[in-house]
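Mapped onto the numbering used here, the consecutive letters of the sequence shown carry residue numbers 20 to 347. Here the structure is laid out as structure tokens; the discussion comes afterwards.
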Amino acid sequence: MAQRRQDVPSESLRSTAGREMASSAASVLEAESAPRPTAVSSPLKDGLRRFRRNWAAMISGITIIALIVMAIFAPFLHSADPLAQNYDALGIGPTWQHWFGTNGLGQDQYSRVLYGLRVPLIVGIVGTVITVILGAFFGVIAGYFGGVIDQLLARFTDVIFAFPGFTLALIVVSLYGDALNFLGGSGRVVILTIVFAIVGWPGLMRFVRSLALTMKEQQFVEAARTSGSSSWKIMTQHLLPNMYGVILVQASFLVVFFVTTEAVLSILGLGVTPPNPDIGQMLFDGVQNMGTNYWQMIFPTMFLTIIILAFTFFGDGVRDAVDPRGQP
Numbered sequence: 020m021a022q023r024r025q026d027v028p029s030e031s032l033r034s035t036a037g038r039e040m041a042s043s044a045a046s047v048l049e050a051e052s053a054p055r056p057t058a059v060s061s062p063l064k065d066g067l068r069r070f071r072r073n074w075a076a077m078i079s080g081i082t083i084i085a086l087i088v089m090a091i092f093a094p095f096l097h098s099a100d101p102l103a104q105n106y107d108a109l110g111i112g113p114t115w116q117h118w119f120g121t122n123g124l125g126q127d128q129y130s131r132v133l134y135g136l137r138v139p140l141i142v143g144i145v146g147t148v149i150t151v152i153l154g155a156f157f158g159v160i161a162g163y164f165g166g167v168i169d170q171l172l173a174r175f176t177d178v179i180f181a182f183p184g185f186t187l188a189l190i191v192v193s194l195y196g197d198a199l200n201f202l203g204g205s206g207r208v209v210i211l212t213i214v215f216a217i218v219g220w221p222g223l224m225r226f227v228r229s230l231a232l233t234m235k236e237q238q239f240v241e242a243a244r245t246s247g248s249s250s251w252k253i254m255t256q257h258l259l260p261n262m263y264g265v266i267l268v269q270a271s272f273l274v275v276f277f278v279t280t281e282a283v284l285s286i287l288g289l290g291v292t293p294p295n296p297d298i299g300q301m302l303f304d305g306v307q308n309m310g311t312n313y314w315q316m317i318f319p320t321m322f323l324t325i326i327i328l329a330f331t332f333f334g335d336g337v338r339d340a341v342d343p344r345g346q347p
């Protein structure tokens, strides 16, 4: 009897342990079969992922970086002085010594192209940066506050819009192109950069203003107002950060417009003054000698085309990354 009484608790313990093991196994199976939580995504991460999948935009971005590196480190990429004249090599075609040939003064075209990249890139990129700063600043102020401030800025930009952008740039450069001659060849570059910023910022201001008018009525802005945030904080920490993507798209196309306009002004004789190297001026010289020295036109045209296409495809990629609904 005693032995039988001792077996009863043992059987009870074994039964309890079995139930616990079965329950644990069931819990493990449920945990393994349950859907795992996915990582929380963000618009920035989604946009970067879409941009990386766009091979044209990625290649364009790499090309832009390569062009900037070539322009900055031109002295290390080619030792020839772009202004040096070699009367023993006047107007010769591409050779191992002169990869892009020489012009009518015996100047090395490859060296001149490398140094000449600086003008369109500086004018295009720096002019766009100034345009974005002015346009975004005044645009978000006009859109957020409205009223008298909006009306004053609108009337001021109407005066600038009365002239087509290229015509206004042509007039200003014609009148004041030599105002900074004491800076040497850089003086005309500074003038062009300032002129392009003056031409470009009113259009970007209107674009940012329209975005601010829409966003300031949304709930996240109302919540910021309710929490006691100042107007400056709302504009800089809530409105502008939500515009970065679309502003970057506009900026990439502004670079294309500025680079193209600078090349046209150089062809008209209003760009960087010779003998300073400039892609637009080299293109103009190449067209004049196209019948005999074709290489003087081919290489400047090729690099100018690369700059324009690179920024165009880069802008398209950013636009598709920011607004995937716009893709076909």
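Backbone N, C-alpha and C fix where the C-beta goes; we use that ideal spot for every residue, glycine too. Note that the structure is predicted; figures quoted are calculated from it, not measured.
Would you report the Cα separation of residue i and residue j, rounded to the nearest angstrom?
i, j, result
"residue 135", "residue 272", "21 Å"
"residue 222", "residue 162", "14 Å"
"residue 277", "residue 215", "7 Å"
"residue 329", "residue 246", "44 Å"
"residue 241", "residue 257", "11 Å"
"residue 132", "residue 213", "24 Å"
"residue 238", "residue 68", "28 Å"
"residue 303", "residue 102", "17 Å"
"residue 92", "residue 175", "41 Å"
"residue 145", "residue 105", "34 Å"
"residue 322", "residue 83", "11 Å"
"residue 74", "residue 324", "19 Å"
"residue 77", "residue 64", "16 Å"
"residue 187", "residue 167", "27 Å"
"residue 81", "residue 70", "13 Å"
"residue 282", "residue 90", "17 Å"
"residue 205", "residue 293", "12 Å"
"residue 52", "residue 262", "Low per-residue confidence applies at residue 52: pLDDT is 46, beneath 50, and the placement is therefore not dependable, though the value from the model is reported in the following sentence. Distance between the alpha carbons of residue 52 and residue 262: 42 Å."
"residue 173", "residue 183", "17 Å"
Along the chain, where does the alpha helix (DSSP H) that runs through residue i open and close?
i, result
"residue 291", "No alpha helix (DSSP H) holds residue 291; DSSP gives it neither H nor E."
"residue 74", "74-91"
"residue 236", "First-last for residue 236: undefined, no H or E at that position."
"residue 275", "263-286"
"residue 341", "314-341"
"residue 301", "298-307"
"residue 251", "250-253"
"residue 195", "184-195"
"residue 150", "146-164"
"residue 138", "137-140"
Within its chain, find whatever has a CB closer than 6 Å to the CB of residue i; leave out the 5 residues flanking it on each side and keep chain order.
i, result
"residue 270", "147 and 151"
"residue 117", "127"
"residue 99", "127 and 130"
"residue 351", "In the structure as shown, the chain starts at 20 and stops at 347, and residue 351 therefore has no counterpart that could be examined."
"residue 316", "305, 306 and 309"
Go through its chain and collect everything with a Cβ distance to residue i's Cβ below 7 Å, but skip five positions before and after it.
i, result
"residue 185", "280"
"residue 220", "150, 153 and 154"
"residue 180", "221"
"residue 232", "162"
"residue 119", "113, 128, 129, 132, 314 and 318"
Give every residue of the same chain whose Cβ lies closer than 8 Å to the Cβ of residue i, excluding the five residues on either side of it in the sequence, and list them in chain order.
i, result
"residue 189", "284, 287 and 289"
"residue 164", "250"
"residue 109", "121, 123, 124 and 125"
Looking at the strands, I want to know which residues DSSP matches up with residue i.
i, result
"residue 127", "121"
Does the Cβ-Cβ distance between residue i and residue j come in under 8 Å?
i, j, result
"residue 275", "residue 331", "yes"
"residue 337", "residue 264", "yes"
"residue 158", "residue 244", "no"
"residue 227", "residue 334", "no"
"residue 112", "residue 340", "no"
"residue 208", "residue 141", "yes"
"residue 300", "residue 306", "no"
"residue 326", "residue 96", "no"
"residue 139", "residue 298", "yes"
Return yes when the C-beta of residue i is under 7 Å from any heavy atom of the ligand GTP, and no when it is not.
i, result
"residue 108", "The ligand GTP is not among the ligands present in this structure, which contains no ligands whatsoever."
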